[in-house]
Amino acid sequence: MRRAILVAALLALTAVSCPPLPGVLQVTPVSLVFLSSPLPFNLKALFSEPGQPPLDISGQATWSSDNLAVAVVDDDGTVIVGSDIGVAHITARFQNLEASATVSRLDATATGEFIPGQIVAQFTPGTSASAISALAEENGLALLNLLPLGGSGFCSSLLAVLEDQQNQGLEQLIIALGGDPDAEGLLRVDPKVRYGTAGFVSDPGESSPEPALVGMGNLVTQGITGQGQRIAVVDTGFDLSHPDLSGSAVGGSAINFSDEGSQNDITDLFTMSEEVIGHGTGVAALALARRNETGVVGIAPGASLIPIKACNADGECTTPAVAASICHALNQGAEVINLSLGGKQPSVLVQEAIQEALERGVVVVAAAGNEGDLGSSPHFPAAFDLPGLIAVGATENSGWFRAFFSNRGSYLDLMAPGSTVISAAPDSQYEFFDGTSFATPFVSGAAALLLSQNPGLTPAQVESTLESAATDLQSPGPDIETGWGRLNVCAALGGVLEFAETVCDLTRSAKP
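According to numbering that gives the first Met the number 0, the sequence shown is numbered sequentially starting from 0.
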């Protein structure tokens, strides 16, 4: 069967009739589109009046489409993609205003984080490397790496990283390979996207936010440590000889996907030369650093670490490496996956890997990004709308206000300390870190604690429990600045701990 796989960007067109209308309606893109994919993509309808900021009315607009490639348009603007291919014209109507978006091809202006000359092809299980190489050669491509993910569902497939040998251009590469009638076993073609870690080392100056900021109380001293839970941290590498991480790793679980194919074991992976920036070490310690009377103590010091290197020494990681890392975490029995990384471009491969994790009952926690006051755009994978995927922003030191760098947006779920946070660093050192990267492991640790006390919770239930227990930082309920509020671990555990009031210090309620 001929497969045609088109990548599309959404181009907003605003129609204004006469006489002049009181406002303007716009349809704007939220995610890239694969018209032959079963995954949904998102549109947003914005209404604005002169002198007023735009108002998101996605759930109030009436949507329609004239193309079979779009099966359903939900009330919130989510477009459910059908099995046909082609160009879709989607219209939103609000009051007497109308605006449309054309879903067609990859927008050249949206390629900033795409890696030039490389694509990722997903193949069915059992497709041979020789068949993939032959297909690549027929289409002017070279096979760089082949990642057998291992597992079931999405993780049973193969990811092939292919490189352009004929300077064809990203869009033509995807269309040519996706339209090859002899492409045996080919499921999807995806741009190769560059992600980065969402944090950085800061100058030491102020003390670390205390555990009371996230409502830890006396949980650890009462034996609530996350014992038996496995937290997979997908990051830059780890100094597992650090006193705060020593003995924390699950034996044989360490792996390296940063070069998209080399899978090294724990004996040669995480040397000091592999972890030169300290990002992964710092993130892991905030989640589960041991209680050893030295250094820092993680939120879940009894949990075990599945250390997965997906990012290089510059903090850069690619979407096939991230997708493969998620599948490895599932194969190693993770209950929680921490993703302190991301970028502005969504990836269908990463989205499907996360969906696979959620369907298997694994909580996924992702950093909301550090664009902050620069005009936040969605940060993926945190911005994927998947129940059980928790997007985490950062507060400043007091814990009551959003850190200036922390992204804003409707996808934001929870806040946690992310400014001058002290954590473990390579060579048995400690550093101060900033970024939503370092807020994220607070929530990952909290999820592990919650699951240790109630292992029957689904990822969506873990998310809703943490959200409903959060300390509001603005008006009641969720908002685009701080989500549901600041993480409050003890309040979240209150429903499963009969003695919660005796171990939880919930008195920090007076906002400065």
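All C-beta atoms, glycine included, are put in the ideal place defined by N, C-alpha and C.
Other residues of its chain near residue i: CB distance less than 6 Å, five sequence neighbours each side excluded
| i | result |
| --- | --- |
| Glu-351 | Phe-153 |
| Phe-383 | Gln-350 |
| Pro-477 | Trp-483 |
Span separating the alpha-carbon of residue i from that of residue j
| i | j | result |
| --- | --- | --- |
| Ala-309 | Ala-438 | 19 Å |
| Thr-293 | Ala-130 | 54 Å |
| Leu-176 | Ser-422 | 46 Å |
| Leu-24 | Phe-46 | 5 Å |
| Thr-394 | Leu-413 | 10 Å |
| Val-119 | Leu-185 | 11 Å |
| Gly-246 | Ala-390 | 29 Å |
| Gly-371 | Val-361 | 29 Å |
| Trp-62 | Phe-441 | 39 Å |
| Ala-91 | Pro-53 | 15 Å |
| Gly-195 | Leu-218 | 33 Å |
| Leu-285 | Asn-337 | 11 Å |
| Glu-480 | Asp-471 | 11 Å |
| Val-78 | Pro-425 | 45 Å |
| Lys-343 | Pro-454 | 34 Å |
| Leu-158 | Gln-473 | 44 Å |
| Asn-406 | Pro-380 | 13 Å |
| Gly-493 | Pro-190 | 45 Å |
| Gln-331 | Asp-181 | 36 Å |
| Gly-150 | Ile-353 | 14 Å |
| Val-55 | Gly-392 | First, the residue type needs correcting, since residue 55 is Asp and not Val in the sequence shown. Their backbone Cα atoms lie some 21 Å apart in a straight line. |
| Gln-428 | Gly-281 | 10 Å |
| Glu-136 | Val-188 | 16 Å |
| Gly-297 | Ile-173 | 44 Å |
Three-state class that DSSP yields for residue i in the structure shown
| i | result |
| --- | --- |
| Ser-63 | strand |
| Leu-186 | strand |
| Pro-440 | helix |
| Pro-319 | helix |
| Gln-331 | coil |
| Gln-25 | strand |
| Thr-77 | strand |
| Thr-419 | coil |
| Ile-479 | coil |
| Val-349 | helix |
| Ala-248 | strand |
| Thr-224 | coil |
| Ser-409 | coil |
Where residue i falls, given that 16 or more other Cβ within 10 Å makes a residue buried
| i | result |
| --- | --- |
| Asp-243 | buried |
| Glu-462 | buried |
| Pro-319 | buried |
| Asn-166 | exposed |
| Thr-123 | exposed |
| Ile-84 | Its pLDDT being 49, under 50, Ile-84 is placed unreliably in this model, and the value from its coordinates should be taken loosely. So Ile-84 counts as buried. |
| Asn-255 | buried |
| Pro-49 | exposed |
| Pro-416 | buried |
| Ala-509 | With a pLDDT of only 42 at Ala-509, under the threshold of 50, the placement of this residue in the model should not be trusted; the figure read from the coordinates follows. So Ala-509 ends up on the exposed side. |
| Ser-156 | buried |
| Ser-82 | Any reading at Ser-82 must be qualified, since the residue scores a pLDDT of 49, below 50, and its modelled position is unreliable; the value itself is stated next. Exposed, because fewer than 16 other Cβ atoms sit within 10 Å of the Cβ of Ser-82. |
| Pro-386 | exposed |
| Phe-403 | exposed |
| Pro-458 | buried |
| Ser-451 | buried |
Beta-ladder partner(s) of residue i, from DSSP
| i | result |
| --- | --- |
| Gln-428 | Ala-424 |
| Val-160 | Val-119 and Asn-144 |
| Asn-255 | Lys-308 |
| Asn-337 | Val-232 and Val-364 |
| Gly-195 | Glu-315 and Gly-341 |
| Ser-47 | Val-23 |
| Phe-379 | Gly-342 |
| Thr-394 | Arg-401 and Pro-416 |
7 Å CB neighbourhood of residue i in its chain, flanking five on each side removed
| i | result |
| --- | --- |
| Gly-116 | Glu-162 and Asp-163 |
| Ala-447 | Gly-225, Gln-228, Ile-230, Ala-299, Ala-302, Glu-334 and Val-335 |
| Ala-491 | Ala-445, Leu-449, Thr-464, Leu-465 and Ala-468 |
| Asp-75 | Ser-57 and Gly-58 |
| Ser-376 | Lys-343 and Glu-370 |
| Gly-314 | Gly-195, Thr-196, Thr-235, Ile-276 and His-278 |
Cβ-based neighbour list, residue i, same chain, cut-off 8 Å, excluding 5 preceding and 5 following
| i | result |
| --- | --- |
| Ala-128 | Leu-142 and Leu-145 |
| Ala-328 | Ala-231, Val-233, Ile-305, Ile-307, Ile-336, Ala-356 and Val-361 |
| Glu-183 | Thr-126, Ala-130 and Leu-134 |
Residue i CB to nearest heavy atom of the ligand HEM below 7 Å
| i | result |
| --- | --- |
| Ser-474 | Here there are no bound small molecules, and the ligand HEM is not part of this structure. |
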